[in-house]
Amino acid sequence: MLRAKAIKTIFLWDWELQYRRSSGWFVSLLFSAVVTFLTSLLIKNPTANTWLALMWMILIFSALQIASKAFSANDGQYYYINQLVNPLELLIGKSLSTSFSTLLISLLSFLLFYIWVGFPNISDHQTPLFPLLISISLGSVALSFTLSFTSAIASKVDGNTSLMSILSIPLLLPTLLVSLRASKLALLGQSIEQIYPIWIGELSLCGLSLALGAILFPYLWRS
Amino acid sequence: MKAWKITGIILVAYSMYAGLTFDVPRLVILNETIRNLYFHVPMWFTMIALLGNSLIQSIRFLRSGQEGRKVNLSLDLKAKNFAEVAMLFSLLGLFTGMIWAKATWGTYWTSDPKLNGTAVTLLIYLAYFVLRSSIEDLEKKARLSSVYNVFAFVLMIVFIGILPRMTASLHPGNGGNPAFSNYDLDDGMRMVFYPAVFGWILIGWWISLIRHRLDILKKEK
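Going line by line, the protein sequences match chains A and B.
Read left to right, the first sequence gives residues 1014 to 1236 (my numbering).
Read left to right, the second sequence gives residues 40 to 260 (my numbering).
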């Protein structure tokens, strides 16, 4: 049984905590801003491929950084949460709040990247912004759904901080390749008719991660 | 010794002998390297079969703890052993493929969807072994790694099974390159290839079970 109210509670609870703590999403934003600025110092006038590679590297590590905190509460807090909601509602609520933060941070990083690095030089046409933004948004949401689940696994293992990246980076590759292709087509100014099948691919990867997570999470969360 | 083990030995021995001596189609570039079909491709079939069983054992483990029953830790151990032997076969497949690639493509490694798929599979399962080794509590270890095994297997299949079909590749069977069904119209190669696949799967299964029994003995000791 899924209760929308329980999911909403988890979502809002997470969100309020993120706001109140200075170690909340401001840290993630600062992290991606620092990395973006560093990148802008290191590269001038990148080609389209380099530009995309750099941008997705920034996005993937920001997403990793956000998701790694998704399940970091102490046992006492979880004792309380588990009284209120069932595991599935917890996973969905957490996935939604993580994907929402990731989406915000991705768009902000993209903005910073755009300001500091600019678009690559593709002389013959203008890049329309809208398809690129959709590709990036869908991609980062898909990334964060996979990451939320691996974060839940990693949170159950004490004292191994790098485990999260080892577990998740190989699993992110399908999503990353599909998103890379969508954003490449968008960057090269292809029409929406050509890009939207890949958007469907990104969406189905979101669905796949969430469905797999929903099946497996009750086993994971039982303690 | 059980009949299936003897069958495995006979089939692999036959495929090695037949694979090296029987007549094969003469094709430019490929030449005699076409014989690699009998040695390289069965490794991947075996890897997928063993990983498939590893997945099944993980699912069985997760289901074993339901309704107040005691969890069956040996199922998880079996999943680990099958995954380990599968990685051995993936390394063998990688090396036989690299030798073939040097002879035909002129390089040991190139950024090809199939090769990337192999690299990712290795990374995923190495992460699975790292996850296992970083948890002390046996039941927790079994539970978390089974969950990861199921999650990772599905995403790996998406990566190696679906995405390569969307991109160009140099590998036979992709991007307009002929695969083995196009070569042998006389079915001569099929008569060696299928026994090789079947034989190697049986041998891989056998190795995994021996490792599993060793592990069980060590645990009892």
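Each residue gets a CB set at the ideal place from its N, CA and C atoms; glycine is no exception.
Bear in mind the structure is a predicted one, so any value in this text is a computation, not a measurement.
From the beta carbon of residue i, is the nearest beta carbon of chain A less than 7 Å away?
i	result
residue 181 of chain B	no
residue 166 of chain B	yes
residue 53 of chain B	no
residue 199 of chain B	no
residue 61 of chain B	no
residue 224 of chain B	Residue placement at residue 224 of chain B cannot be trusted, given a pLDDT of 46 that sits under 50; what the coordinates show is reported in the next sentence. Not one chain A Cβ lies under 7 Å of residue 224 of chain B.
residue 253 of chain B	no
residue 173 of chain B	yes
residue 202 of chain B	yes
residue 196 of chain B	no
residue 169 of chain B	yes
residue 192 of chain B	no
residue 159 of chain B	yes
residue 110 of chain B	no
residue 162 of chain B	yes
residue 189 of chain B	yes
residue 101 of chain B	yes
For residue i versus residue j, is the C-beta distance shorter than 7 Å?
i	j	result
residue 1122 of chain A	residue 1161 of chain A	no
residue 80 of chain B	residue 1233 of chain A	no
residue 61 of chain B	residue 93 of chain B	no
residue 962 of chain A	residue 1189 of chain A	The shown model of chain A, from 1014 to 1236, leaves out residue 962 of chain A, and the question about it has no answer.
residue 1153 of chain A	residue 1109 of chain A	no
residue 114 of chain B	residue 99 of chain B	yes
residue 184 of chain B	residue 165 of chain B	no
residue 1202 of chain A	residue 1140 of chain A	yes
residue 1155 of chain A	residue 1065 of chain A	no
residue 1212 of chain A	residue 1151 of chain A	yes
residue 97 of chain B	residue 155 of chain B	no
residue 1176 of chain A	residue 1167 of chain A	yes
residue 238 of chain B	residue 54 of chain B	yes
residue 1198 of chain A	residue 1208 of chain A	yes
residue 236 of chain B	residue 84 of chain B	yes
residue 44 of chain B	residue 245 of chain B	yes
residue 1222 of chain A	residue 1163 of chain A	no
residue 198 of chain B	residue 1186 of chain A	yes
residue 137 of chain B	residue 163 of chain B	no
residue 1038 of chain A	residue 1114 of chain A	yes
residue 1130 of chain A	residue 1053 of chain A	yes
residue 86 of chain B	residue 129 of chain B	yes
residue 117 of chain B	residue 251 of chain B	yes
residue 1231 of chain A	residue 1100 of chain A	yes
residue 1148 of chain A	residue 1196 of chain A	yes
residue 1111 of chain A	residue 1080 of chain A	yes
residue 210 of chain B	residue 141 of chain B	no
residue 51 of chain B	residue 247 of chain B	no
Ends of the alpha helix (DSSP H) at residue i?
i	result
residue 173 of chain B	Residue 173 of chain B -> no alpha helix (DSSP H), and no H or E assigned at all.
residue 149 of chain B	Unbroken run through residue 149 of chain B: none, as it is neither H nor E.
residue 92 of chain B	80–103
residue 238 of chain B	229–259
residue 1098 of chain A	No alpha helix (DSSP H) holds residue 1098 of chain A; DSSP gives it neither H nor E.
residue 1209 of chain A	1205–1234
residue 68 of chain B	That residue, residue 68 of chain B, is in no alpha helix (DSSP H); it is neither H nor E in DSSP.
residue 1178 of chain A	1176–1200
residue 1171 of chain A	Note, residue 1171 of chain A: premise wrong, no alpha helix (DSSP H); not H, not E.
residue 44 of chain B	42–60
Strictly under 7 Å for the Cβ-Cβ distance: is residue i near chain B by that measure?
i	result
residue 1225 of chain A	yes
residue 1232 of chain A	yes
residue 1216 of chain A	no
residue 1065 of chain A	no
residue 1229 of chain A	yes
Within the 7 Å Cβ cut-off, does residue i reach chain C?
i	result
residue 186 of chain B	Protein chains in the displayed structure are A and B, and chain C is not among them.
- [ ] Note down, in chain order, all residues in the segment 120–154 of chain B with a beta-carbon under 7 Å from any beta-carbon belonging to chain A.
- [x] none
TODO: Would you list, in chain order, the members of the segment 64–98 of chain B that have their beta-carbon closer than 9 Å to a beta-carbon of chain A?
DONE: none
Open item on the list: Between the segment 1042–1051 of chain A and the segment 1082–1102 of chain A, can you find at least three pairs of beta-carbon atoms closer than 8 Å?
Closed with: no
Open item on the list: Please list, in chain order, the residues of the segment 1167–1186 of chain A that have any C-beta partner in chain B closer than 7 Å.
Closed with: 1169, 1170, 1173, 1176, 1179, 1180, 1183, 1184 and 1186
Open item on the list: Give me the subset of the segment 1185–1204 of chain A whose CB atoms are less than 7 Å from a CB atom of chain B, sorted by chain position.
Closed with: 1186, 1187 and 1190
- [ ] Taking a Cβ distance cut-off of 9 Å, strictly less, list which residues of the segment 1145–1163 of chain A are near chain B, in chain order.
- [x] 1159, 1162 and 1163
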